[in-house]
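Residue numbers (mature numbering (1 follows the signal peptide of the UniProt record, and there is no 0)): -31 to -1, 1 to 262.
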C-alpha cells in the first residue's frame, strides 16, 4: 500500500512539473522580430533589440519608421506590448494595425495619438471593410501608457472584431453582413506598426504641433504574439499558446467581459461615430442601432 501511495505521489509530482513546464512555455514564448517581422522603412530608425524580443521605432524631423509581419493572416488573435512616446508626444502617432493592400482594402486599427506633457493619449480605433471606414471610436486610458508596457490585442474572427487593452475589451465590432454592412473576412492582412508625424490632425485637431526639439521620439514594442491562420494554408495556426490555439475562432464576451466593456465605454470613451450627428446628418450606419450598448 505504501508502494502504491509513493507511486501515486511520484505520478502526481510528475504531472505537476509537466503542467508548470507547459504553462511556462505557453506564457513566455513569443514571436521573434528577427524571423517573424521585417523593418520596412525608417533608414535605420527602427532597431531590433533583446535577441529579437523587442523593437524600438523612432521619429525625428526627417522621418519616422515602421515594420510589418512577414506573413499574412486570415483571422486570428494578435497581441503586442507597447510603451508609448513619453512626455511631450504632441503630433506623433504610434500604430499597431492589420491591413490588406490594394483598392478596396480591409483594415483594423489601433492608433495612439500623442499629446502635450501631462495630457492623456487618445486611443483611436477604426475598422475598414472593402475600402470603407468612418467607424471610429476613441478612448483615453485609465493608466499612463508611457510609464510601462501594456498589452494591446486584436481578436478577428468571422463573427466579430474585439479590441482589448490588458485583456479588457474596449470595443466590439460585430459582423452585420446580414443587414448589408461590409465586414473584413476575405482579404488576408499583415500586421503593421509605425511611428510617424501627423501634427496636421493628430493632436487636438492639429492645433498642437510637434516640438522637434524633443526629437528623437521613441516608441517601444515587445512580446509580439500571433495566433492566427497563415494565408495560403488550411488555417495553419502559428501559435505560441498551445492551450488557446482555437479560442480566438469563436471568441466573444461573457458576462464579465460585457461588464468591463460597459465600464470602458461609459468612463473612458471620448468619441463614438454612432453619436456624431453633425458628421452623419443623414443618419447613422445601421450597425449603430444594434451595438451592444
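The beta-carbon is built from N, C-alpha and C at its ideal position, and this holds for glycine as well.
Item: Can you give me the C-alpha to C-alpha distance between residue 135 and residue 112, rounded to a whole angstrom?; Value: 11 Å
Item: Three-state secondary structure (DSSP) at residue 230?; Value: helix
Item: Apart from the five residues on each side of it in sequence, which residues of its chain come closer than 7 Å, Cβ to Cβ, to residue 229?; Value: 137 and 138
Item: On the DSSP bridge list, what partners appear for residue 119?; Value: 51
Item: Determine the DSSP secondary structure at residue 181, reduced to helix, strand or coil.; Value: helix
Item: What residue does the beta strand (DSSP E) around residue 152 start on, and which one ends it?; Value: Premise fails: residue 152 is in no beta strand (DSSP E) and is neither H nor E.
Item: Nearest-angstrom Cα distance between residue 31 and residue 10?; Value: 12 Å
Item: Can you tell me which of the three DSSP states residue 259 falls into?; Value: helix
Item: Does the distance from the C-beta atom of residue 47 to that of residue 160 stay below 8 Å?; Value: yes
Item: Can you find the residues in the same chain that come closer than 8 Å, C-beta to C-beta, to residue 4, ignoring five residues on each side of it along the sequence?; Value: 21 and 39
Item: Taking the C-alpha atoms as reference points, what is the distance between residue 103 and residue 144?; Value: 16 Å
Item: Where does the unbroken alpha helix (DSSP H) through residue 3 begin, and where does it stop?; Value: 2 to 5
Item: Under 8 Å, do residue 91 and residue 239 count as touching if we go by C-beta distance?; Value: yes
Item: Take residue 35 as the anchor and find which of 41, 27 and 42 has the nearest alpha-carbon.; Value: 27
Item: Report all residues from its chain with a CB closer than 6 Å to the CB of residue 278; omit the five preceding and five following residues, and keep chain order.; Value: The shown model of the chain, from -31 to 262, leaves out residue 278, and the question about it has no answer.
Item: Rounded to a whole number of angstroms, what is the C-alpha to C-alpha distance between residue 221 and residue 131?; Value: 8 Å
Item: Quick one: grab the DSSP three-state call for residue 42.; Value: strand
Item: May I have the straight-line CA-CA distance separating residue 126 from residue 195, to the nearest angstrom?; Value: 14 Å
Item: When burial is assigned at 16 or more other CB atoms within 10 Å of the CB, is residue 153 buried or exposed?; Value: buried
Item: Nearest-angstrom Cα distance between residue 235 and residue 167?; Value: 28 Å
Item: Is it right to say residue 72 is buried, meaning 16 or more other beta carbons lie within 10 angstroms of its own, or is it exposed?; Value: exposed
Item: How close, in whole Å, do the beta carbons of residue 76 and residue 67 come, if the pair is a contact with beta carbons under 8 Å?; Value: 7 Å
Item: Roughly how many whole angstroms lie between the Cα atoms of residue 233 and residue 142?; Value: 15 Å
Item: Taking Cβ positions, are residue 23 and residue 163 nearer each other than 8 Å?; Value: no
Item: With a threshold of 16 other CB atoms inside 10 Å of the CB of residue 208, please say whether the residue is buried or exposed.; Value: With a pLDDT of only 47 at residue 208, under 50, the local geometry of the prediction cannot be trusted, and the value read off the model is given with reservation. It counts as buried.
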